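The structure under discussion appears below in the form of C-alpha cells.
In our numbering, the protein residues as written are 779 to 960.
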C-alpha cells in the first residue's frame, strides 16, 4: 500500500535560515515526487524568507515547467543563472531553448555557464553540438576541444568517461567534416 508522504512545517523556533533550508529541501523532494503544486507552495514560503538564492529559482523553474508554465519556468531559470547557477539551471534553460529551436540563446547560456563552471566538460560538449546545429563548425570544434581539455575522467575515473569521450570524438569528427566541406 502506498502512503502519501507528509511534510510538517519547520519548527517555529528555527531560525529564518533553517526555515528557508527546510522549506526549499521539502519543495525539492516534492518536485521529485511529482507533487509540483505543493512544491511551489513550499518554495514560495522559502522565497518569502530569502529571494536571492540561485537554487530556489532553479527548483521553482523546474516545478513550473513540470506544470506546463513555460514562460514562468524560463523566467525563474534565467533568474537562477543571473544569481550564479553554473550547471543545473543553465543546462535546464539550454534544453528549453533547444526544444524551442532558440539555438542562438542556447549558445549564449551554455557559453557563459561553461566559462563560470567548476565542471564545464558537459557544458562544452553541449555547446559544441549547438554550434554545429548553427553551422559554426570552427566554434563547435573549439567547444569540443575545450570539453576534451576539461575532461574529468582521468586516472581511476577513466573508465567512467567512455561515453563522454565518445561523444567528444564524434563531435570533433563532425565539425572537421563540415569544415572540410563534406
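By construction, the Cβ of each residue, glycine as well, lies at the ideal position given by its N, Cα and C atoms.
Computed from a predicted model, the values in this text were never measured in an experiment.
Q: Would you kindly work out how many angstroms separate the C-alpha atoms of residue 791 and residue 880, rounded to a whole number?
A: 47 Å
query: Within 10 angstroms of its Cβ, does residue 846 collect 16 or more other Cβ (buried), or is it exposed?
result: exposed
Outcome for residue 966 when other beta-carbon atoms lying within 10 angstroms are tallied against a minimum of 16
With the chain covering 779 to 960 only, the question about residue 966 has no answer from this structure.
Alpha carbon of residue 952 to alpha carbon of residue 944, nearest angstrom:
12 Å
Cβ atoms of residue 838 and residue 807: under 8 Å apart, would you say?
-> no
- Task: May I have the straight-line CA-CA distance separating residue 907 from residue 788, to the nearest angstrom?
- Result: 44 Å
Burial state of residue 854, where buried means 16 or more other Cβ atoms lie within 10 Å:
buried
Q: Less than 8 Å between the CB atoms is what I'm expecting for residue 890 and residue 905, so what's the real figure, rounded?
A: Incorrect: roughly 10 Å between the Cβ atoms, too far for contact.
Review point. Whose CA, out of 822, 901, 924, lies closest to the CA of residue 868?
Key: 901
Under 8 Å between C-beta atoms of residue 843 and residue 820: no
Which residue comes first and which comes last in the alpha helix (DSSP H) that contains residue 881? 881 to 894
Distance, Cα to Cα, residue 800 vs residue 835? 15 Å
**Item:** Length of the line joining the Cα atoms of residue 811 and residue 841
**Value:** 11 Å
Original post:
The alpha helix (DSSP H) with residue 834 in it runs from where to where?
Top reply: 832 to 844
_Can you list, in chain order, the residues of its chain with a C-beta nearer than 7 Å to that of residue 866? Leave out the 5 residues immediately preceding and following it._
836
request  = State buried or exposed for residue 896, treating a residue as buried only when at least 16 other CB atoms are found within 10 Å of its CB.
outcome  = exposed
| Anyone know if the C-beta pair for residue 903 and residue 946 falls short of 8 Å? | yes
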